[in-house]
Each structure stands twice: as structure tokens, then as C-alpha cells.
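Undergrad: Protein chains in written order, with the working numbering: chain S, 7 to 385; chain R, -12 to 83. A single structure is presented below for examination.
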């Protein structure tokens, strides 16, 4: 074995190459032979010449190379330009759009019922919201539930709309989405309404037409920030996310004068930049801004609820506020009168503005001279 | 038998036993079809058949005509790759 090994390793490369070449040639010959057998069998079995056709047929099926035509000679867009007349509405529709049009036109098919339902829902929404906006002030009790109902309905109709929106190329002029976006653009589409209590669907409010009393009452309930584009006041709530409290404060200063801030601060305005530092001024002024009936009710409440309102730190808000954190915030802020940043106090107080509004009326009064009266009563 | 011949025989034996020869054959076939060698040769066969007459073609005729042309028509890349593989095999197994 060793001898053989030595002899094998002694083979130089040329011999190895020769061997390799020989093996290669063998393989090639095998391939050729295989082909020959295949062809010969095909000839003898008669299927060798099957793929040959006569020249005439060859010409018929030649590859076409003209512009505007595919390789078979057929026109590409032949049916695109043709128009069909719809038997239902008698309009001429493009052929490629005919089937979907017919689906909607006849009211059959999956999407047409969905669209119809959504239209009904949105038209219901619009009718309801428009008619009941004016009653908003009267139906104070129902405010929360009403708002949530409206929101729920809108979400539902939005969902339906979004589903149907998945169809390409479908635009509904009545879409709630469109109207929603319209609503939030502060009154771009509306004419200025002179009646502040008329909450038109699209509007902001034109502040120039309002008197000071109206403005004040408006600003106590609404955001009121004046949009640069439309010069109208934002009709959203006091906590509307589009505007900051700084903006709201600026608007109030602008509209009512700086002195008005004190009134508003001691009332339930959302902005308290130095609000906490102004408990003293004008409890009488407050009476002017509120209905006398409200005021009397407050006074009576103060007397009756004196026990619970003892400590100025634990103002009535702690008892009646909906949010405990609010009261905590007020506790923190009272020692920092006038130090807290406008935004910080604004945010805290803006929350309170939304909560029980009556508590706000009470608190400054408690800090004000009336508090000693309460003490006196109890003592 | 000379040593060389003996060695050749050994190598061939190994090729077959290990199945390497089959693998090489399949590889070659696939590559020849891919590069169009088979179609070229088939067209040549047609000519031969037309020449000899459809009824009277024999295997020997075909083989005699086809093989030299077939050998010549193999593209270089295929040839090189196959040789490479064979040499690798030899290098691995020629010393054993």
C-alpha cells in the first residue's frame, strides 16, 4: 500500500489533469449519447417533428410588434373608453366603473346598505345637534349625559364611515368626518352669529358684536380664544386642547380689560394668574356678574354650610369638588399666592372651572372678608 | 496493468461507488440544457434526419454525426466547472 501511495502521490499534475480530462470526456459522451437515443426514439415513434408547423400557420401566429397593441395583436384599452348606459338612472357610465355604479344605483350589494345606514345616522346626528344646541342652557342637568350620547353617536357613525371609506375613490359629501373637521376649525365656514347662545354647527363667535355682559358670561363657559384666521372666539369648552390657558387669559384681558381679570378670577373664570392673590377685591362686583338669585343662594349656602367651611384651607371645594386632586392643588396654591406660574394655576383652576362651578364662587368668598363672618357665626 | 491504468480504474470505481459520477452527470445535463446546447444539437439532428431520410435514420448515424459536434459546442464555463469538480474529487481521493 505504501508503494502505491508513493506512486500515487508521485503523479504529477499533468497526469492528474489528463485523468480529469478523460473523465470529463466520458461524461460529455454520455450526455451526447443520451440525446441521440432520445432523438432516435422520437423519430421512430413519430413525435419528433410535432412542433413544426407549415409556414402559413406560422405566419398567423407570429409575434406582433406594433405600438398600441400587445404581442397577440389585441388592443389593450379597448373596453376602457366605452360607455354604458345605466338602465336605472339612465346615465352613461364608463365601462370599468359600471359594475360598482350599478351596485350602488340599484341599492344591492354589500356596501350600499352600509353607506345608507351611515347617511341616516349622520343626518340624524346633524338634526339632533342643531335643534338641541339652543336648549343647552336650559337642560343643565343633562349636560354630561347629553354630551356623552352625542359623542357616542358620532363615534359610531365615524366607525361606519371609516369602514366604508376603505373603498377607493369614494367620497361622501355628507361624511361626519368632514363636518367634524369643519366644526373644529373655529368658525371658518360660518357667518358670525350675533347671538352668543346660538351654537351653530360650524361657528366660532364674533366677539365684536357682543356686549361686555355677554362677553363675560360667554368667557365663563367657553374657551373663547380668538382664532387668528377667522377673528372668532373658540366655542369649545374651557379645557379645549387646542388652546392653552395663557391664550385664554390673553383673550380675557384683551376683551374685558385687565381689571376684568379680577372679576373673572374671583368668579369662575378658568385663568388665575394672580387669581389667588385677589380674594379681597369686590365681592360686590361679583354680585353684578351673577344673577341675584344665584348670589342669594350662595349666601344662604354659606350660612348653612358654615361648619364645613371653617378652615380656609379646606374650602368648600374639598367637600363638593368632584376631584380630590383639585382641592389638593388649591391647598398647595394658597400659600403661594401670586407666585405660581400662570399656566400651573390656570390648569388647576381650569379643572375647577369645569367641576362644580359653585364651589369656585364660594372659595374666593371664603378667603375674602366673608370668612370672618363664618367664624363669627360658628363661634 | 500499468500503475496509471490501475489508478484510473480505482478512481473510476470510487466515482461510481460514491455516487459522484451520477451527480456529475446530472449537473452536466442541467447545465447543458440551461445554456441551450441541447436545443442546438437537436436542430442539428433535424438536419441529419432530413438528410438521411426520416425512415432510415439509425442510431449509429446519429451518434456519428452528433458526438463530435456535441463535444465542440460545450461552452467553456461548463467545461471549466466540471473539470474543477473532477480535480477536486481526484485530489481528495487519489491519494487513498
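Just so it is clear, CB atoms sit at the ideal spot from N, CA and C, and this is done for glycine as well. On a predicted model such as this, the values are computed, not experimentally measured, just so you know.
(1) Going by the beta-carbon positions, is the gap between residue 58(R) and residue 66(S) smaller than 9 Å?
(2) For residue 22(R), return the contacting residues in chain S, with the cut-off set at a CB-CB distance below 7 Å.
(3) For the alpha helix (DSSP H) holding residue 35(R), just list the boundary residues, first then last.
(4) Is the CB of residue 81(R) under 9 Å away from at least one CB in chain S?
(5) Could you check what DSSP says for residue 90(S) in three-state terms: helix, strand or coil?
(6) I believe residue 61(R) touches residue 49(R) by the beta-carbon criterion, under 8 Å. Please report the beta-carbon distance rounded to the nearest angstrom.
(7) Anything in chain R within Cβ reach of residue 35(S), meaning under 9 Å, just list it in chain order.
(8) Tell me where the beta strand (DSSP E) around residue 100(S) begins and ends.
(9) Which residues bound the alpha helix (DSSP H) around residue 241(S)?
(10) Is there contact here, the region 34 to 51 of chain S with the region 39 to 54 of chain R, by at least three beta-carbon pairs under 8 Å?
(11) Run through chain R and tell me which residues come within less than 7 Å of residue 25(S), C-beta to C-beta.
(12) Note down, in chain order, every chain S residue with its Cβ under 9 Å from the Cβ of residue 4(R).
(13) Quick one: what's got a C-beta closer than 7 Å to residue 82(S)'s C-beta in the same chain, skipping five residues either side?
(14) If the cut is a Cβ gap below 7 Å, which residues of chain R does residue 42(S) touch?
(15) Suppose you measure from the CA of residue 74(R) to the CA of residue 13(R); what does that come to, to the nearest Å?
(16) CB residue 108(S) to CB residue 131(S), shorter than 9 Å?
(17) Using a C-beta to C-beta distance shorter than 8 Å, which residues of chain R count as neighbours of residue 38(S)?
(18) Any beta carbon of chain S sitting closer than 9 Å to that of residue -9(R)?
(19) For residue 3(R) versus residue 29(S), is the C-beta spacing smaller than 9 Å?
(20) Which two residues bound the contiguous alpha helix (DSSP H) that contains residue -11(R)?
(21) Give a yes or no on whether the C-beta atoms belonging to residue 111(S) and residue 90(S) are separated by under 9 Å.
(22) Using 9 Å as the limit for Cβ to Cβ distance, is residue 49(S) near chain R?
(23) In the structure shown, what three-state DSSP assignment does residue 231(S) receive?
(24) Kindly identify the DSSP beta-bridge partner or partners of residue 123(S).
(25) Report yes or no: is there a C-beta of chain R within less than 9 Å of the C-beta of residue 22(S)?
(26) Could you tell me which residues DSSP pairs with residue 212(S) in its beta bridges?
(27) Comparing the C-beta of residue 82(S) with each C-beta of chain R, is any distance below 9 Å?
(28) Using the beta-carbon count (16 or more within 10 Å), is residue 213(S) buried or exposed?
(29) From residue 122(S) to residue 128(S), what does the alpha carbon distance come to, in whole angstroms?
(30) Where DSSP assigns a beta bridge to residue 81(S), which residues make up the other side?
(31) Hey, out of 46(R), 15(R), -7(R), whose CA is closest to residue 47(S)'s CA?
(32) What does a CB cutoff of less than 8 Å around residue 54(S) pick up in its chain, not counting 5 residues either side in sequence?
(33) Helix, strand or coil for residue 81(R)? Go by DSSP, reduced to three states.
(34) List, in chain order, every chain C residue whose beta-carbon is nearer than 8 Å to that of residue 30(S).
(35) Could you check whether the Cβ of residue 56(S) sits closer than 9 Å to any Cβ belonging to chain R?
TA: By the coordinates alone:
(1) As a first step, residue 58(R) must be located in the second chain, where it is residue number 71. As a first step, residue 66(S) must be located in the first chain, where it is residue number 60. No. Outside cutoff.
(2) Indexing the second chain from 1 puts residue 22(R) at position 35. Neighbours of residue 22(R) on chain S: none; closest Cβ ~12 Å, over 7 Å.
(3) On the second chain, residue 35(R) is found 48 positions in, with the first residue counted as 1. It spans 24 to 39 - the alpha helix (DSSP H) in which residue 35(R) sits, taken as one unbroken run.
(4) Taking the second chain and counting its residues from 1, the one referred to as residue 81(R) is at position 94. Yes - at least one Cβ of chain S is within 9 Å of the one on residue 81(R).
(5) Here residue 90(S) refers to the residue found at position 84 when the first chain is read from its first residue. Correct three-state label for residue 90(S): strand.
(6) As a working note, residue 61(R) is residue 74 in the second chain. As a working note, residue 49(R) is residue 62 in the second chain. No, residue 61(R) and residue 49(R) are not in contact; Cβ-Cβ is about 18 Å, not under 8 Å.
(7) For the purposes of this step, residue 35(S) is identified with residue 29 of the first chain, where counting begins at 1. Within 9 Å Cβ-Cβ: 54, 57, 58.
(8) Position 94 of the first chain, counted from the start, is the residue given in the question as residue 100(S). Run containing residue 100(S): 98 to 100, per the beta strand (DSSP E) assignment.
(9) Counting from 1 along the first chain, the entry for residue 241(S) is found at position 235. Where residue 241(S) is concerned, there is no enclosing alpha helix (DSSP H), given that its DSSP letter is neither H nor E.
(10) yes
(11) Numbered from 1 along the first chain, position 19 holds the residue referred to as residue 25(S). Within chain R, the residues near residue 25(S) are -5, -2, 77.
(12) As a working note, residue 4(R) is residue 17 in the second chain. Simply none; closest approach about 15 Å.
(13) Reading the first chain from its first residue, position 76 is the one you call residue 82(S). Answer for residue 82(S): 76, listed in chain order.
(14) As a first step, residue 42(S) must be located in the first chain, where it is residue number 36. The contacting residues are 46, 49, 50, 53.
(15) Within the second chain, residue 74(R) is the residue found at index 87, counting from 1. Within the second chain, residue 13(R) is the residue found at index 26, counting from 1. When rounded, the distance between both Cα atoms is 17 Å.
(16) Taking the first residue of the first chain as 1, we reach residue 108(S) at position 102. Taking the first residue of the first chain as 1, we reach residue 131(S) at position 125. The answer is no: Cβ separation not under 9 Å.
(17) Here residue 38(S) is taken as the residue at index 32 of the first chain, counted from 1. Within 8 Å Cβ-Cβ: 28, 50, 53, 54, 57, 58.
(18) For this step, residue -9(R) is matched to residue 4 along the second chain. Closer than 9 Å to some Cβ of chain S, the Cβ of residue -9(R) qualifies, so yes.
(19) Here residue 3(R) corresponds to residue number 16 of the second chain, with the count starting at 1. Here residue 29(S) corresponds to residue number 23 of the first chain, with the count starting at 1. No, the pair does not count as a contact, with Cβ atoms beyond the cut-off.
(20) Counting from one through the second chain, the residue named residue -11(R) turns up at place 2. No alpha helix (DSSP H) contains residue -11(R), which DSSP labels as neither H nor E.
(21) For the purposes of this step, residue 111(S) is identified with residue 105 of the first chain, where counting begins at 1. For the purposes of this step, residue 90(S) is identified with residue 84 of the first chain, where counting begins at 1. Result no, Cβ atoms of residue 111(S) and residue 90(S) do not sit closer than 9 Å.
(22) Translated into positions along the first chain, residue 49(S) becomes position 43. By this cut-off, residue 49(S) is an interface position.
(23) As a first step, residue 231(S) is located in the first chain; it is residue number 225 there, counting from the start. Three-state DSSP puts residue 231(S) in coil, outside helix and strand.
(24) On the first chain, position 117 is the one that residue 123(S) refers to. Answer by DSSP bridge pairing: none, since residue 123(S) is not bridged.
(25) The residue given as residue 22(S) occupies position 16 in the first chain. Yes - at least one Cβ of chain R is within 9 Å of the one on residue 22(S).
(26) As a working mapping, residue 212(S) is identified with position 206 in the first chain. DSSP output for residue 212(S) lists 238(S) as bridge partner(s).
(27) What you label residue 82(S) is simply residue 76 of the first chain in a count that begins at 1. No - not a single Cβ of chain R is within 9 Å of the one on residue 82(S).
(28) Start at 1 with the first residue of the first chain, and residue 213(S) comes out as number 207. Burial call: buried.
(29) Position 116 of the first chain, counted from the first residue, corresponds to residue 122(S). Position 122 of the first chain, counted from the first residue, corresponds to residue 128(S). Distance between the alpha carbons of residue 122(S) and residue 128(S): 10 Å.
(30) Numbered from 1 along the first chain, position 75 holds the residue referred to as residue 81(S). Residue 81(S) pairs with 75(S).
(31) For the purposes of this step, residue 47(S) is taken as the residue at position 41 of the first chain. With distances taken between Cα atoms, residue 47(S) lies closest to 46(R).
(32) For this step, residue 54(S) is matched to residue 48 along the first chain. These residues qualify, in order along the chain: 45, 48.
(33) Position 94 of the second chain, counted from the start, is the residue given in the question as residue 81(R). Correct three-state label for residue 81(R): coil.
(34) No chain C is present in this structure, whose protein chains are S and R.
(35) Along the first chain, read from residue 1 onward, the residue named residue 56(S) stands at position 50. Cβ-Cβ to chain R under 9 Å: no for residue 56(S).
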